[in-house]
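Heads up: the structure comes next, in structure tokens.
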Amino acid sequence: MYEYINGDTIVHSTLKSGKDLIIKDQWKREYHFKIASFPVPTGLASEAIEMKDDNSVGYKFNILSDFDTDSQVA
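Under the working numbering, the first residue of the sequence shown carries the number 1211, and numbering increases by one thereafter.
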């Protein structure tokens, strides 16, 4: 899940370790996202990246929450 560089830098990849989630909007269109949450010094960082079939750039969302926040709600 994490890659350590020089012993003190952590690199996280949502594309590699994120969970797949299919979301349908109100018009019944489906969107495929990779979603991951991981701890940072100030709380919990959550990231969602849209995966598109044609490899074009999709939506990207980032949320920083307190440690006691429910990640399912975030």
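Glycine included, C-beta positions come from ideal geometry on N, C-alpha and C.
- Message: Is the separation between the beta-carbon of Glu1260 and that of Tyr1269 shorter than 8 Å?
- Response: As a first step, residue 1260 must be located in the sequence shown, where it is residue number 50. As a first step, residue 1269 must be located in the sequence shown, where it is residue number 59. A contact, by the Cβ cut-off of 8 Å.
- Message: In the DSSP output, which residue or residues are listed as bridge partners for Val1250?
- Response: As a position in the sequence shown, residue 1250 is number 40, starting the count at 1. Note: Val1250 sits in a beta bridge opposite Gly1253.
- Just mark Thr1219 as buried or exposed, buried being the case when its beta carbon has 16 or more other beta carbons within 10 Å. Sequence index remark: in the sequence shown, residue 1219 carries index 9 (1-based). Flag for Thr1219 reads exposed.
- Per DSSP, Tyr1241 is paired with what? One-based indexing of the sequence shown puts residue 1241 at position 31. Beta-bridge annotation (DSSP): Tyr1241 is paired with Ile1233.
- Query: For Phe1248, which residues from the same chain have a beta carbon less than 7 Å from its beta carbon, with the 5 sequence-adjacent residues on both sides left out?
  - Reply: By 1-based counting over the sequence shown, the position of residue 1248 is 38. The beta carbon of Phe1248 is closer than 7 Å to those of His1222, Ala1255 in its chain, skipping five residues each way along the sequence.
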